[in-house]
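Engineer: Residue numbers (our numbering), protein chains in the order written: chain A, 146 to 722; chain B, 146 to 722.
Before I ask anything, let me first share the structure, which is written out below as structure tokens.
2 protein chains.
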Amino acid sequence: MNYQPCPDDVRFVLNAVLDATPRLNSLTPFAEVDDALQAQLLDEAGKFVAEVIAPLNRGGDEIGCRFVDGKVIAPPGFRDAYQAFVDGGWPALSAAPEDGGQGLPAVFEAVLFEWLSAANHGLTMAPGLLHGAYECLKHHGSDELKQHYLAKIASGEWLATMCLTEAHAGSDLGQVRTRAAPQADGSLRVAGTKIFISGGEHDLSDNIVHLVLCRLPDAPAGPKGLSLALVPKWLPDGTRNAAHCERIEEKMGLHGSPTCVMRFDDATGWLIGEPHRGLAAMFVMMNAARLHVALQGLGLLDAAWQKADAYARERRQMRAPKPAAAPPGAGPDLIAQHPAIRRILDTQRAWIDGGRVLAYRTAIELDVAKHHPDAARRARAQRWCGLVTPVLKAAFTHQAFHGASECLQVFGGHGYVREWGIEQVVRDARVTMIYEGTNEIQAIDLLARKVLADGGAGLSAVLIGLRDELDASRETDADVQRRLAQLRYLTTTVAMAAQADTVLPYEVADDYLRVVALVLLAWAWARIDVAAAQAGDTGTRWSAPAAAFRRHLLPEFDMRLGMVKRACEDAARAGTA
Amino acid sequence: MNYQPCPDDVRFVLNAVLDATPRLNSLTPFAEVDDALQAQLLDEAGKFVAEVIAPLNRGGDEIGCRFVDGKVIAPPGFRDAYQAFVDGGWPALSAAPEDGGQGLPAVFEAVLFEWLSAANHGLTMAPGLLHGAYECLKHHGSDELKQHYLAKIASGEWLATMCLTEAHAGSDLGQVRTRAAPQADGSLRVAGTKIFISGGEHDLSDNIVHLVLCRLPDAPAGPKGLSLALVPKWLPDGTRNAAHCERIEEKMGLHGSPTCVMRFDDATGWLIGEPHRGLAAMFVMMNAARLHVALQGLGLLDAAWQKADAYARERRQMRAPKPAAAPPGAGPDLIAQHPAIRRILDTQRAWIDGGRVLAYRTAIELDVAKHHPDAARRARAQRWCGLVTPVLKAAFTHQAFHGASECLQVFGGHGYVREWGIEQVVRDARVTMIYEGTNEIQAIDLLARKVLADGGAGLSAVLIGLRDELDASRETDADVQRRLAQLRYLTTTVAMAAQADTVLPYEVADDYLRVVALVLLAWAWARIDVAAAQAGDTGTRWSAPAAAFRRHLLPEFDMRLGMVKRACEDAARAGTA
């Protein structure tokens with residue numbers, strides 16, 4: 146079965162849980178965004194994703210991208226589908242109207258990309274970096290570069306890449322060696338080889354705009370000597386630039402997206418932003434890009450869940466254990482009725498629904514950070530995004546892979562064969578734990594670089610904000626408030642222990658991130674509870690995953706909290722010994 | 146890199162930890178088995194696996210098995226390697242000497258198959274069912290069948306399959322429909338279609354002996370109406386039997402092993418064992434077969450670990466956080482020095498080493514159950530195998546997949562591409578969580594069918610035995626003793642709650658199995674500690690994974706214990722409400 150977006154589920158999260166419309170209306174450019182516009186947009190997006198994008202997913206995996214004579218041929222149907230995507234104005238959804246965009250909130254783009262990823266992760270990689278490239282160029286490009294490239298990128302007519310990694314420089318970009326030599330005409334000659342370049346070469350768009358991390362001749366060593374160059378496949382005068390794909394990787398999955406080795410042979414490029422400030426220029430798009438990867442995780446998990454749920458409602462094996470005795474002669478039950486299968490389905494649902502609350506909320510904070518009239522409110526939103534985004538990236542991509550594997554288990558042996566498409570989701574999802582910063586890097590980014598940078602004050606402010614959105618007279622809310630306080634105390638403990646033991650934060654970073662992820666999810670489910678009650682919902686749509694969350698997922702919060710605490714105690718003991 | 150068996154590690158577990166030789170010497174057929182024989186066998190097996198089997202693993206995945214004109218062509222080199230395996234007498238390692246076997250302990254066969262699976266999971270599937278088929282035929286076959294087939298199967302000259310699953314009958318074998326019609330000459334005509342038949346067709350051996358679960362005309366419905374038929378590919382008179390491969394599955398991994406759809410068109414067969422007692426005849430080999438799958442899990446995890454460990458000792462990225470300040474100008478550190486990577490490597494090592502203690506101990510108990518002169522001791526060994534085997538099958542195969550995925554993470558983006566071979570391990574390992582009874586079925590088998598069958602008395606006896614092997618004056622041992630007591634108390638709690646709520650055991654089975662797995666692993670590491678101290682080991686070979694186990698893995702014991710306990714409390718509350 147192909148992925149089928151469910152706009153009702155998303156609308157519930159946006160409106161009943163997050164009050165999205167009033168929040169957006171407080172931002173000047175979105176004063177006119179109303180529920181009707183939202184509804185129309187979601188319905189159209191859902192239809193487009195279901196009809197145009199989802200049916201191509203299997204071919205993207207089985208046929209995949211092919212490398213022929215230096216060219217990359219996309220899987221069947223991808224070029225037409227991408228053209229339809231451009232024609233529909235989807236790439237330009239949240240680009241500014243003055244650049245040819247539709248000027249809509251980032252949160253709508255978030256929903257769109259979640260659905261696209263669920264339906265066809267491979268194809269979605271192509272426009273996945275467009276918005277980031279657009280922002281990067283808009284904020285750091287020269288007027289001339291903007292004039293030539295900005296509208297084409299905003300509209301998606303030309304696709305873009307991020308060329309960071311080299312064979313010896315992955316997580317450690319400071320080791321990048323690609324050189325950029327300034328020319329008399331103000332251009333650069335870029336020379337070097339980049340690896341793992343998604344969409345480095347393809348036949349989806351007429352031009353490809355590479356953003357290349359490189360080093361000017363006088364650059365200091367390390368990450369502070371990196372500059373950013375724009376290197377197009379086709380130069381403005383119509384000649385082919387010396388930016389070539391050497392080969393594409395054979396990968397575990399994601400066969401619908403070409404992962405290219407790119408060779409720049411003194412290719413012509415132009416500096417974006419200041420010399421040696423390339424990382425800063427790229428990091429402007431980091432939170433948005435990482436949030437998109439988190440959304441890929443949510444989307445892939447939902448795709449896996451839909452398959453498993455449908456199978457569990459059709460497949461019958463054995464009698465399920467039931468409180469009442471089975472009628473004599475009754476046949477085997479649906480596997481959806483067996484507790485082990487029910488648990489898998491409900492816990493994944495808990496991640497998806499709670500995850501949406503957090504991801505869409507973060508997307509709204511991106512909108513707030515950009516457009517709110519009050520600078521203090523913008524700063525608060527920026528703080529939220531900086532702290533929450535790495536948590537969502539790591540937790541949701543982890544869950545995409547592990548949860549998809551659980552969903553595969555629902556199929557038994559049938560899950561391991563191609564036929565049902567579930568094993569593709571598991572293979573495709575695995576890469577999201579790696580790219581855009583490995584999940585281990587996210588954890589270090591969260592704890593060592595961000596939380597501890599101000600002794601935990603910033604995170605504490607975010608947690609207090611969350612606490613204040615809860616109602617202590619409700620038992621569930623009070624429980625979440627207690628956990629939020631536990632996390633604040635834990636953060637203080639880690640901050641103190643880290644003063645004596647500078648290695649400690651790196652040792653507990655992964656556990657600490659899980660603590661944050663689970664308390665955020667607990668907060669989200671407390672909010673869903675209230676919204677479902679207010680909506681008069683008495684079915685199991687929201688209550689079953691809520692119960693599964695508390696029974697099966699929340700205990701990990703206590704476990705990880707205890708692990709971090711014990712590590713701090715051990716460090717203190719070692720320090721005084 | 147190809148897998149490289151490490152006999153020293155295995156010897157340490159067998160001798161220093163498990164006292165294998167004296168234990169085996171107490172069994173009549175193994176009175177002469179000494180350390181020298183063990184050493185020679187391990188060295189030869191290690192050499193054979195490294196030189197003949199391991200180099201074919203990549204081709205097994207990339208070229209895989211091909212289906213051409215109804216025939217299955219094994220990957221390059223597989224036929225010759227299997228022939229060398231037969232010529233070396235390896236399939237007959239633990240078969241009885243009177244059947245042409247070498248009459249060696251099952252525990253040596255366990256080590257051999259762990260290494261084989263680590264080196265080449267796909268090829269190892271071919272002889273994987275030989276020993277089970279041998280035992281099944283030896284105990285249930287007629288003299289005529291035995292005369293014709295037993296020696297050929299013991300030697301591996303002919304390979305064997307287990308034909309259980311049908312499209313609608315997976316975990317629920319009671320739904321099997323394949324028919325067997327008795328003929329005047331005492332043979333059967335077998336008709337039906339079986340799926341997921343590993344090695345149903347291939348070119349590795351001249352004949353293939355299928356053990357087919359089927360239904361006689363007068364059979365009662367359900368699992369108690371199943372019979373077992375032996376259906377050879379080639380009949381004794383040299384004619385080709387009507388047992389045909391229709392197609393092979395496209396799978397996520399394990400491409401080196403053909404997973405066949407087998408069509409029996411009134412094929413000729415013969416009954417094994419009593420009519421309608423086919424499951425009993427097959428279940429005689431269940432504990433051994435499940436232990437072998439657990440060993441596959443250990444092997445695959447060790448294969449993944451070896452790759453990740455080697456990569457982490459070569460790859461340099463960034464400075465690692467260190468207690469002392471780094472010397473100025475120092476370059477990036479080995480990633481093996483980064484805490485997040487160290488944790489992945491050491492925790493997987495903890496699973497592998499502790500897992501070996503448990504798996505080899507269980508294999509020795511299989512030997513004891515078969516050969517001990519004292520019936521009470523044999524019964525105790527049988528009890529151990531019945532209770533511990535499903536735990537090892539579920540826990541080690543779970544870890545094979547999840548731990549291999551962690552090892553993949555060590556490679557960053559390089560792990561997601563084919564080149565390093567690590568993604569193959571992840572794909573191959575996934576199926577072990579499904580076949581030979583899904584891990585959810587193992588959990589139900591453990592708790593609902595076995596532990597609760599006698600109110601927990603059998604498990605309690607096993608746990609008391611483990612407790613008595615520890616020394617309460619050692620802090621670590623005392624901690625494990627406390628946990629063993631906690632598990633006994635938990636079991637009583639579950640048994641009482643299950644009387645009022647018959648669904649409860651199915652709801653907590655997965656958590657309960659993890660509790661048992663982790664306490665067994667804790668016991669194993671307590672034993673390793675002592676053995677390493679006695680051996681005068683002062684390095685980190687055993688202490689680093691021991692520390693990682695206690696810091697990162699053991700907390701899950703408390704978490705799962707709490708989850709099961711709370712479920713019992715909730716059930717009690719609901720019962721009195």
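Glycine is no exception: its CB is placed at the ideal position from the N, C-alpha and C atoms.
Owing to the predicted nature of the structure, the values given are computational and were not obtained by experimental measurement.
Return the CA-CA distance between A455/A and I567/A, expressed in angstroms with no decimal places.
Structural biologist: Against the first sequence, residue 455/A aligns to sequence position 310. Against the first sequence, residue 567/A aligns to sequence position 422. Roughly 12 Å between the two C-alpha positions.
Engineer: Assuming C281/A and A325/A are in contact, meaning their beta carbons sit under 8 Å apart, how far apart are those beta carbons, in whole angstroms?
Structural biologist: Mapped onto the first sequence, residue 281/A falls at position 136. Mapped onto the first sequence, residue 325/A falls at position 180. That pair is no contact at about 17 Å.
Engineer: Along the segment 468-487 of chain A, what residues have a CB closer than 7 Å to any CB found in chain B?
Structural biologist: From the segment 468-487 of chain A, only P468, P477, P484 and A485 have a Cβ closer than 7 Å to chain B.
Engineer: Taking only three categories from DSSP, how would you classify V406/A?
Structural biologist: For the purposes of this step, residue 406/A is taken as the residue at position 261 of the first sequence. Three-state DSSP puts V406/A in a strand.
Engineer: Between G418/B and H285/B, how many whole angstroms is the CB-CB distance? I'm expecting something under 8 Å.
Structural biologist: Here residue 418/B is taken as the residue at index 273 of the second sequence, counted from 1. Here residue 285/B is taken as the residue at index 140 of the second sequence, counted from 1. At roughly 4 Å, the Cβ-Cβ gap stays under 8 Å, so G418/B and H285/B are in contact.
Engineer: Label M397/B either buried or exposed according to how many other C-beta atoms from any shown protein chain fall within 10 Å of its C-beta, with 16 as the threshold for buried.
Structural biologist: Here the question's residue 397/B lines up with position 252 in the second sequence. The residue in question, M397/B, is buried, as its Cβ has 16 or more Cβ neighbours within 10 Å.
Engineer: Whole angstroms is fine: what's the gap from D642/A's alpha carbon to A717/A's?
Structural biologist: Here residue 642/A is taken as the residue at index 497 of the first sequence, counted from 1. Here residue 717/A is taken as the residue at index 572 of the first sequence, counted from 1. Per the sequence shown, the amino acid found at residue 642/A is Ala instead of Asp. Cα to Cα, the separation comes out at about 6 Å.
Engineer: Counting Cβ pairs closer than 8 Å, one from the segment 429-436 of chain A and one from the segment 357-375 of chain A, do we hit at least three?
Structural biologist: The segment 429-436 of chain A is not in contact with the segment 357-375 of chain A.
Engineer: Let me know the secondary structure DSSP gives M431/A once reduced to three states.
Structural biologist: The residue labelled residue 431/A in the question sits at position 286 within the first sequence. Three-state DSSP puts M431/A in a helix.
Engineer: Can you find a C-beta in chain B that's less than 9 Å from the C-beta of F212/A?
Structural biologist: The residue labelled residue 212/A in the question sits at position 67 within the first sequence. Answer no: the Cβ-Cβ gap between F212/A and chain B never drops below 9 Å.
Engineer: Rounded to whole angstroms, what is the Cα-Cα separation between H232/A and A199/A?
Structural biologist: Translated into the one-based positions of the first sequence, residue 232/A becomes position 87. Translated into the one-based positions of the first sequence, residue 199/A becomes position 54. For the sequence presented, residue 232/A should be read as Asp rather than His. Between D232/A and A199/A, the C-alpha separation is close to 18 Å.
Engineer: Scan the segment 294-380 of chain B and note each continuous beta strand (DSSP E) run of 3 residues or more that stays entirely inside, going in chain order.
Structural biologist: You should have 304-308, 324-327, 333-343, 353-359 and 372-377.
Engineer: By a C-beta neighbour count over all protein chains shown, 10 Å radius and 16 as the cutoff for buried, is D164/B buried or exposed?
Structural biologist: Numbered from its first residue, the second sequence carries residue 164/B at position 19. Exposed is the call here.
Engineer: Should Q320/B go down as buried or exposed, given a rule of 16 or more other Cβ atoms within 10 Å for buried?
Structural biologist: Position 175 of the second sequence, counting from 1, holds the residue named residue 320/B. Buried, because 16 or more other Cβ atoms sit within 10 Å of the Cβ of Q320/B.
Engineer: Tell me, which residues are paired with I393/B by DSSP?
Structural biologist: As a working mapping, residue 393/B is identified with position 248 in the second sequence. Beta-bridge pairing links I393/B to C405/B.
Engineer: Please classify N265/A as buried or exposed, where buried requires at least 16 other C-beta atoms within 10 Å of its C-beta.
Structural biologist: Residue 265/A sits at position 120 when you count from the first residue of the first sequence. The residue in question, N265/A, is buried, as its Cβ has 16 or more Cβ neighbours within 10 Å.
Engineer: Could you tell me whether the Cβ of H547/B comes closer than 9 Å to any Cβ of chain A?
Structural biologist: Position 402 of the second sequence, counting from 1, holds the residue named residue 547/B. With 9 Å as the cut-off, H547/B counts as an interface residue toward chain A.
Engineer: Taking R506/B as part of the alpha helix (DSSP H), name the residues at either end of that continuous run.
Structural biologist: Along the second sequence, one-based indexing puts residue 506/B at 361. R506/B -> alpha helix (DSSP H) spans P484 to H516.
Engineer: Which residues in the same chain as P535/B place their Cβ atom closer than 6 Å to its Cβ, once the five residues preceding and following it in sequence are excluded?
Structural biologist: Indexing the second sequence from 1 puts residue 535/B at position 390. The answer, listed in chain order, is Q587, D590 and L591.
Engineer: Please confirm whether V648/A and P484/B have their CB atoms less than 9 Å apart.
Structural biologist: Taking the first residue of the first sequence as position 1, residue 648/A is located at position 503. Taking the first residue of the second sequence as position 1, residue 484/B is located at position 339. Going by C-beta atoms, V648/A is nearer than 9 Å to P484/B.
Engineer: Under three-state DSSP, which class holds G414/B?
Structural biologist: In the second sequence, residue 414/B corresponds to position 269, counting from 1. Here G414/B sits in strand by DSSP.
Engineer: What separation, rounded to the nearest whole angstrom, lies between the Cα atoms of D655/B and L445/A?
Structural biologist: Numbered from 1 along the second sequence, position 510 holds the residue referred to as residue 655/B. Numbered from 1 along the first sequence, position 300 holds the residue referred to as residue 445/A. Near 25 Å, if we compare the C-alpha coordinates of L445/A and D655/B.
Engineer: Less than 9 Å between the C-beta atoms of T404/B and G442/B, yes or no?
Structural biologist: Counting from 1 along the second sequence, the entry for residue 404/B is found at position 259. Counting from 1 along the second sequence, the entry for residue 442/B is found at position 297. Result no, Cβ atoms of T404/B and G442/B do not sit closer than 9 Å.
Engineer: Just confirm the distance between the C-beta atoms of L440/A and A504/A, as a whole number of angstroms; I'd bet it's less than 8 Å.
Structural biologist: By one-based count along the first sequence, residue 440/A stands at place 295. By one-based count along the first sequence, residue 504/A stands at place 359. L440/A to A504/A, Cβ: 6 Å. Contact.
Engineer: Given that a residue counts as buried once 16 or more other Cβ atoms are within 10 Å of its Cβ, and exposed if not, what is N147/B?
Structural biologist: Position 2 of the second sequence, counted from the first residue, corresponds to residue 147/B. N147/B comes out buried.
Engineer: Which one of P167/A, N202/A and V197/A has the shortest CA to CA distance from Q569/A?
Structural biologist: By 1-based counting over the first sequence, the position of residue 569/A is 424. Q569/A has its Cα closest to that of N202/A, out of P167/A, N202/A and V197/A.
Engineer: If you follow the beta strand (DSSP E) that I218/B is part of, which residue opens it and which one closes it?
Structural biologist: Counted from its first residue, the second sequence places residue 218/B at position 73. Counting along the chain, the beta strand (DSSP E) containing I218/B begins and ends at K216 to I218.
Engineer: Scan the segment 174-229 of chain A and note each continuous alpha helix (DSSP H) run of 4 residues or more that stays entirely inside, going in chain order.
Structural biologist: With a minimum length of 4 residues, the continuous alpha helix (DSSP H) runs that stay inside the segment 174-229 of chain A are 180-193 and 202-207.
Engineer: Determine, using beta-carbon pairs with one atom in the segment 559-566 of chain A and one in the segment 630-641 of chain A, whether at least three such pairs fall under 8 Å.
Structural biologist: These segments do not touch.
Engineer: Nearest-angstrom Cα distance between G337/B and I497/A?
Structural biologist: For the purposes of this step, residue 337/B is taken as residue 192 along the second sequence, with counting starting at 1. For the purposes of this step, residue 497/A is taken as residue 352 along the first sequence, with counting starting at 1. Near 42 Å, if we compare the C-alpha coordinates of I497/A and G337/B.
Engineer: Hey, R619/B and D674/B: beta-carbon distance below 9 Å or not?
Structural biologist: In the second sequence, counting from the first residue as 1, residue 619/B sits at position 474. In the second sequence, counting from the first residue as 1, residue 674/B sits at position 529. Contact: yes.
Engineer: Let's test the definition: count the other Cβ atoms within 10 Å of the Cβ of G423/B and tell me whether it reaches 16, buried, or not, exposed.
Structural biologist: Counting from one through the second sequence, the residue named residue 423/B turns up at place 278. The residue in question, G423/B, is buried, as its Cβ has 16 or more Cβ neighbours within 10 Å.
Engineer: Within the 9 Å Cβ cut-off, does T647/A reach chain B?
Structural biologist: Your numbering for residue 647/A matches position 502 in the first sequence. By this cut-off, T647/A is an interface position.
Engineer: Quick one: any contact between the segment 539-556 of chain B and the segment 511-531 of chain B, if contact means 3 or more CB pairs under 8 Å?
Structural biologist: The answer is no - the segment 511-531 of chain B does not touch the segment 539-556 of chain B, with fewer than three Cβ pairs under 8 Å.
Engineer: If you reduce the DSSP assignment to three classes, tell me which class L479/B lands in.
Structural biologist: As a first step, residue 479/B must be located in the second sequence, where it is residue number 334. Three-state result, L479/B: strand.
Engineer: Thinking L611/B and L597/B are a contact (beta carbons under 8 Å), I'd like their distance in whole angstroms, please.
Structural biologist: The residue labelled residue 611/B in the question sits at position 466 within the second sequence. The residue labelled residue 597/B in the question sits at position 452 within the second sequence. Not confirmed; about 20 Å, so no contact.
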